[in-house]
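J.:
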Ligand SMILES: NC(=O)c1ccc[n+]([C@@H]2O[C@H](COP(=O)([O-])OP(=O)(O)OC[C@H]3O[C@@H](n4cnc5c(N)ncnc54)[C@H](OP(=O)(O)O)[C@@H]3O)[C@@H](O)[C@H]2O)c1
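Residue numbers (this note's numbering): 1 to 269.
Given below as structure tokens:
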């Protein structure tokens, strides 16, 4: 069976996409190939999934319609230069954080179309959210291909490239804010006298359960917040402290800092 989709990089994100594509029966392992750098991630992934590992992707690109760029952004400068020619008329989907379309277009000038995307870490378990921007309007077939690949990481939205710095600040870095918030809940519980392991479990499952309820109920966060906040009660006492310390303004400042840094990094790229 000919290779239809080739992966440059075989790390965590490539593995998540490939496992999702196979699990959802969008591609068979025989239709997927990957390559990697100096470590054996490619052969390990091929062994685990049944896809083909190639030390260089050019032969696979004779039949493949799509190349997924899944190495680290700083590794883009080290990739096989012959790929510029081999990707003539191919669709390229990049998941490289902070790598502008302009730079991707200069590396792959003959590609049919290039998509820059910004996934986030929950994509590793299929629970991510990705924003993406095509260099040119996607035709129907490529639109479907892109959605199929991104669906392996979770949900997705098409945005303008100018919005990707704000996206990075919200959903790209967002999981880290939640991890930090979870750790803060755990530490505050421990400080109130709870056993650290119990505080850890309570914090973890509170964040997980609250997020699942938000998604399942389809209500906005303020409505769910108000539903558990009775006047003069415990939640109201805690929320008053957050409000007195400008919690929302603090989050706004944090996202602005992330967005500014994303703009800076793209300029350096
Ligand atoms: N991890 C996340 O949750 C996340 C979230 C958002 C965006 N991203 C983006 O996703 C991309 C991949 O991240 P990751 O976490 O999957 O990275 P990773 O686990 O470190 O994997 C990187 C892969 O690229 C391969 N590679 C290195 N140099 C190469 C070269 N010259 N040619 C071909 N392949 C090469 C590596 O091979 P060897 O190790 O065998 O050398 C490895 O298989 C990054 O650009 C990152 O910005 C990741």
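The beta-carbon is built from N, C-alpha and C at its ideal position, and this holds for glycine as well.
Counting C-beta neighbours from all protein chains within 10 Å, is the total for residue 142 16 or more, i.e. buried, or is it exposed?
T.: It counts as buried.
J.: Return helix, strand or coil for residue 191, following the three-state DSSP convention.
T.: Of the three classes helix, strand and coil, the one that applies to residue 191 here is helix, per DSSP.
J.: Mind checking whether the beta-carbon of residue 73 lies closer than 7 Å to any heavy atom of ligand 1?
T.: Yes, since a heavy atom of ligand 1 falls inside the 7 Å radius drawn around the Cβ of residue 73.
J.: Exposed or buried, what is residue 165 when buried is set at 16 or more other beta-carbons lying within 10 Å of its beta-carbon?
T.: With 16 or more Cβ atoms within 10 Å of its Cβ, residue 165 is classed as buried.
J.: So which of 20, 49, 57 has the shortest CA-CA distance to residue 3?
T.: When each option's Cα is compared against that of residue 3, the closest is 57.
J.: Report whether the distance from the Cβ of residue 259 to the nearest heavy atom of ligand 1 is below 7 Å.
T.: No, since every heavy atom of ligand 1 falls outside the 7 Å radius drawn around the Cβ of residue 259.
J.: Around the Cβ of residue 145, are there at least 16 other Cβ atoms within 10 angstroms (buried) or fewer (exposed)?
T.: By the 10 Å Cβ count, residue 145 comes out buried.
J.: In angstroms with no decimal places, state the Cα-to-Cα distance between residue 46 and residue 53.
T.: The alpha-carbon atoms of residue 46 and residue 53 are separated by roughly 6 Å.
J.: Would you mind reading off the limits of the alpha helix (DSSP H) that contains residue 30?
T.: No alpha helix (DSSP H) holds residue 30; DSSP gives it neither H nor E.
J.: Could you tell me which residues DSSP pairs with residue 118 in its beta bridges?
T.: Paired residue(s): 131.
J.: Please report the distance separating the alpha-carbon of residue 198 from that of residue 256.
T.: Taking the straight line from one Cα to the other gives about 35 Å.
J.: Can you confirm whether residue 50, when its beta carbon is compared against all beta carbons of chain C, has any partner nearer than 8 Å?
T.: Of the chains in the structure shown, none is chain C; there is only one protein chain.
J.: Beta-carbon within less than 6 Å of residue 70's beta-carbon, same chain only, minus the 5 sequence neighbours each way: which residues are those?
T.: Cβ within range, chain order: 7, 9, 13, 14, 95.
J.: In whole angstroms, give me the CA-to-CA distance for residue 131 and residue 93.
T.: The straight-line gap from Cα to Cα measures roughly 12 Å.
J.: Measuring only from the beta carbon, is residue 9 closer than 7 Å to any heavy atom that is part of ligand 2?
T.: For the structure depicted, ligand 2 is absent and the ligand set comprises only ligand 1.
J.: Give, in chain order, every unbroken run of the alpha helix (DSSP H) that is at least 4 residues long and sits entirely within the region 1–81.
T.: The region 1–81 contains these whole alpha helix (DSSP H) runs: 12–23, 41–49.
J.: Exposed or buried, which one is residue 116 when buried takes at least 16 other CB atoms within 10 Å?
T.: With 16 or more other Cβ atoms within 10 Å, it is buried.
J.: Which residue from 20, 24, 124, 73 puts its Cα closest to that of residue 101?
T.: Measuring from the Cα of residue 101, the nearest candidate turns out to be 73.
J.: Would residue 134 and residue 154 qualify as a contact pair, given that the criterion is a beta-carbon distance under 8 Å?
T.: No; because the gap between Cβ atoms is not below 8 Å, this pair is not in contact.
J.: Would you kindly work out how many angstroms separate the C-alpha atoms of residue 168 and residue 181, rounded to a whole number?
T.: In a straight line, the C-alpha of residue 168 is about 18 Å away from that of residue 181.
J.: If you scan the region 157–242 from start to end, which runs of the alpha helix (DSSP H) of 4 or more residues do you find wholly inside it?
T.: Segments of the alpha helix (DSSP H) lying fully in the region 157–242: 164–167, 174–191, 196–217, 221–227.
J.: In three-state terms, what does DSSP make of residue 255?
T.: Of the three classes helix, strand and coil, the one that applies to residue 255 here is helix, per DSSP.
J.: CB residue 172 to CB residue 120, shorter than 8 Å?
T.: In this structure, residue 120 lies closer than 8 Å to residue 172 by Cβ.
J.: Output needed for residue 200: all residues of its chain with C-beta closer than 7 Å, excluding positions within five of it in sequence on either side, in chain order.
T.: Excluding residues within five positions, the ones whose Cβ falls inside 7 Å are 186.
J.: Strictly by DSSP, which residues pair up with residue 92?
T.: Residue 92 is bridged to 67, 114.
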